[in-house]
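Peer 1: So the number in the working numbering is just where the residue sits in the sequence shown, counting from 1, plus 14.
In this text, a Cβ means the ideal position worked out from N, Cα and C, and glycines have one as well.
The structure presented is a predicted model; accordingly, all values stated were derived computationally and were not measured.
Okay, here's the structure, questions in a sec.
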Amino acid sequence: MTTHPSPPTLPETLREDARAWVRKLHSGAATQWEAQAFRRWRDASPLHQAAFIEARQQWRVLQPALNRLVRTDAEAASLHRETLRKPATSRRAFLGVAGAAAAAGVAGVAVYSPLGLWPAANEWRADWRTAAGEQRAIAWSDQIDVTLNTRTSIRRVASDDQAEGLELLNGEAAIEMLPSARTFSVVAGAGRSIGESARFEISRLEGRVCVTCLAGRVRIEHPAGDRVLLARQQAVYRDHSISGIAAADPEVASAWRRGELVFKQAPLSVVLDEINRYRPGRVVLMVDALRGKTVTATFKLDRLDLALLQMQRSFGLNARSLPAGVLVLS
15 MTTHPSPPTL PETLREDARA WVRKLHSGAA TQWEAQAFRR WRDASPLHQA
65 AFIEARQQWR VLQPALNRLV RTDAEAASLH RETLRKPATS RRAFLGVAGA
115 AAAAGVAGVA VYSPLGLWPA ANEWRADWRT AAGEQRAIAW SDQIDVTLNT
165 RTSIRRVASD DQAEGLELLN GEAAIEMLPS ARTFSVVAGA GRSIGESARF
215 EISRLEGRVC VTCLAGRVRI EHPAGDRVLL ARQQAVYRDH SISGIAAADP
265 EVASAWRRGE LVFKQAPLSV VLDEINRYRP GRVVLMVDAL RGKTVTATFK
315 LDRLDLALLQ MQRSFGLNAR SLPAGVLVLS
């Protein structure tokens, strides 16, 4: 009787790095030096090689869903066109990177990955980063605490060697300031949020930034206009626009800090997008007619598989599990 060894258990941070390398090699922004760095990373251990093989397989499995999203989602299509318009590296550097990609067996995949499995290029500048399902508390100073949610990348913003705030590259963060704390700023995309003795949360996901003030005062500076938020208020902005001030529901906004996801009449597509942030792999909904169906529910972050099972039954969906944590609902 022939036995086969079990596949190695891969740390989620290693999986994230592997996905980042797959994206980097096909971004058009990689250099020959980065291609060499990739080879060194891949050859560092059998676990590194296994993580890369898994990421490569995951990318290939998701190609039909990626192509479908670009065809049917106007925002994804716009981001895809913008990516393609960006200047490429020199031909010599590109050939070096392409050679590394071909040697690794990942040639022929798309440049743009709108499903968010691979970190964006700017996330490589992060000083702190969390993996899928991970949350991390950072004692920024004696008077300021920062908590990172799942799949979040931030970097310290400093001036004259003195920390004055952070840049949110992707994901979601909560800021808690003591009443005696001086102002603390968070740069995210085109805007900057300045907390004044405040507790506030800020998310940056797929070009959309949402700022929620829970206590104190937060001033948003944006090219399209400034906003001042007080407790239980929020505003949303993108690169070229900013919303008005709206009422915020702290129960929903801060649920992740209690280990929950709370949805109140949220579209099914939004619910699945949120769940995808917390689990390795990807849940892909293939039934367009169900995307707008609403969901009101509270899910535990440590029991998301049960949440998915409940939605499968509620909407009569069939589930197909694919390698690398991909779940297709049809």
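#1: Determine the direct distance from the alpha carbon of Val285 to that of Ser194, and round the result to whole angstroms.
#2: Report, in whole angstroms, the separation of the C-beta atoms of Thr226 and Ala262, which I expect to be a contact under 8 Å.
#3: Run the CB neighbour count on Pro294, radius 10 Å, all protein chains shown included, and call it buried at 16 or more, exposed below.
#4: Let me check understanding here. Comparing Cα to Cα, which of Ala64, Glu215, Gln149 and Asp159 lies closest to Leu192?
#5: Looking at the structure shown, is Arg246 part of a helix, part of a strand, or coil, going by DSSP?
#6: Can you grab the Cα-Cα spacing for the pair Ala69 / Val340, in whole Å?
#7: Below 6 Å CB to CB, which residues in the same chain sit around Leu98 once its five sequence neighbours on both sides are set aside?
#8: Using the beta-carbon count (16 or more within 10 Å), is Asn290 buried or exposed?
#9: Kindly give me the distance between the Cβ atoms of Gly179 and Val200, rounded to whole angstroms, as I take these residues to be in contact under 8 Å.
#10: I'd like the ranges of any beta strand (DSSP E) spanning at least 3 consecutive residues and lying wholly in the segment 168-222.
#11: May I ask you to report which of helix, strand or coil DSSP gives Pro264?
#12: If we ignore side chains and look at the alpha-carbon of each, how far apart do Leu39 and Arg29 end up?
#13: Keeping to the same chain, check which residues put their C-beta closer than 6 Å to that of Thr23; ignore five residues upstream and five downstream.
#14: Once the 5 residues before and after Glu181 are set aside, which same chain residues still bring their CB inside 6 Å of it?
#15: Short check: CB of Leu315 to CB of Leu282, under 8 Å?
#16: Is Gly205 closer than 8 Å to His254 when the C-beta atoms are compared?
#17: Which residue's Cα is closest to the Cα of Ile189: Ala212, Leu183, Arg196 and Ser167?
#18: Within this structure, are the beta carbons of Ala333 and Phe277 separated by less than 8 Å?
#19: With a 10 Å radius around its C-beta and 16 neighbouring C-beta atoms as the bar for buried, classify Gly273 as buried or exposed.
#20: Am I right that Val242 and Ser207 are in contact with their C-beta atoms under 8 Å? What's the rounded C-beta distance?
#21: Could you check what DSSP says for Asp302 in three-state terms: helix, strand or coil?
#22: Whole angstroms are fine: how far does the CA of Arg305 sit from the CA of Ser268?
#23: Under the assumption that Thr197 contacts Glu210 (Cβ atoms under 8 Å), give the Cβ distance between them as a whole number of angstroms.
#24: Please report the residue range of the alpha helix (DSSP H) in which Ser328 lies.
#25: CA-CA distance, Ala32 and Trp142?
#26: The beta strand (DSSP E) spanning Arg308 covers which residue range?
#27: State the CB to CB distance for the pair Ser344 and Leu331, rounded to an integer number of angstroms; the pair is presumed to be in contact (CB under 8 Å).
#28: Can you check DSSP and say which residues form a bridge with Ser335?
#29: Is the beta carbon of Val298 within less than 7 Å of some heavy atom of the ligand SAM?
#30: How many Å lie between Ser59 and Arg53 at the Cα?
#31: Between Val266, Ile259 and Arg271, which has its C-alpha nearest Gln279's C-alpha?
Peer 2: Once the coordinates are examined:
#1: C-alpha separation (whole angstroms): 38 Å.
#2: About 5 Å; that satisfies the 8 Å criterion.
#3: Taking every protein chain shown into account, the CB of Pro294 has 16 or more other CB atoms within 10 angstroms, so this residue is buried.
#4: Of the listed residues, the one whose Cα sits closest to Leu192 is Asp159.
#5: Of the three classes helix, strand and coil, the one that applies to Arg246 here is coil, per DSSP.
#6: C-alpha separation (whole angstroms): 11 Å.
#7: Because Leu98 carries a pLDDT of 48, less than 50, the predicted location of this residue cannot be relied on, and no value is offered for it.
#8: So Asn290 counts as buried.
#9: Going by Cβ atoms, the distance from Gly179 to Val200 rounds to 6 Å, so yes, they are a contact pair.
#10: Correct list: 176-191, 198-202 and 205-219.
#11: Here Pro264 carries a helix assignment [DSSP, helix/strand/coil].
#12: Rounded to whole angstroms, Leu39 to Arg29 spans 16 Å at the Cα level.
#13: Counting only residues of its own chain and dropping the five nearest sequence neighbours on each side, Thr23 has no CB closer than 6 Å to any other CB.
#14: If we look at Glu181 and ignore the five residues flanking it on each side, its Cβ neighbours are Arg169, Val171 and Val201.
#15: Against a cut-off of 8 Å, the Cβ pair of Leu282 and Leu315 comes out as no contact.
#16: For the 8 Å CB-CB criterion, His254 and Gly205 do not form a contact.
#17: The shortest C-alpha separation from Ile189 is found at Ala212.
#18: For Ala333 and Phe277, no; Cβs fall outside 8 Å.
#19: Within 10 angstroms of the beta-carbon of Gly273 lie fewer than 16 other beta-carbons, which makes it exposed.
#20: Not quite, the Cβ-Cβ distance comes to about 11 Å (not below 8 Å), so this is no contact.
#21: Residue state, collapsed to three classes: helix.
#22: For Ser268 and Arg305, the distance between alpha carbons rounds to 24 Å.
#23: Contact annotation, Thr197 with Glu210: C-beta distance approximately 5 Å; criterion of less than 8 Å satisfied.
#24: Ser328 -> alpha helix (DSSP H) spans Leu318 to Phe329.
#25: Distance between the alpha carbons of Ala32 and Trp142: 17 Å.
#26: Contrary to the premise, residue 308 reads as Thr rather than Arg in this sequence. Taken as a continuous stretch (DSSP letters only), the beta strand (DSSP E) holding Thr308 covers Thr308 to Lys314.
#27: Correct: roughly 7 Å between the Cβ atoms.
#28: Leu341.
#29: As for the ligand SAM, it is missing from this structure, which has no ligand bound.
#30: The straight-line gap from Cα to Cα measures roughly 11 Å.
#31: Looking at the Cα atoms, Val266 is the closest of the given residues.
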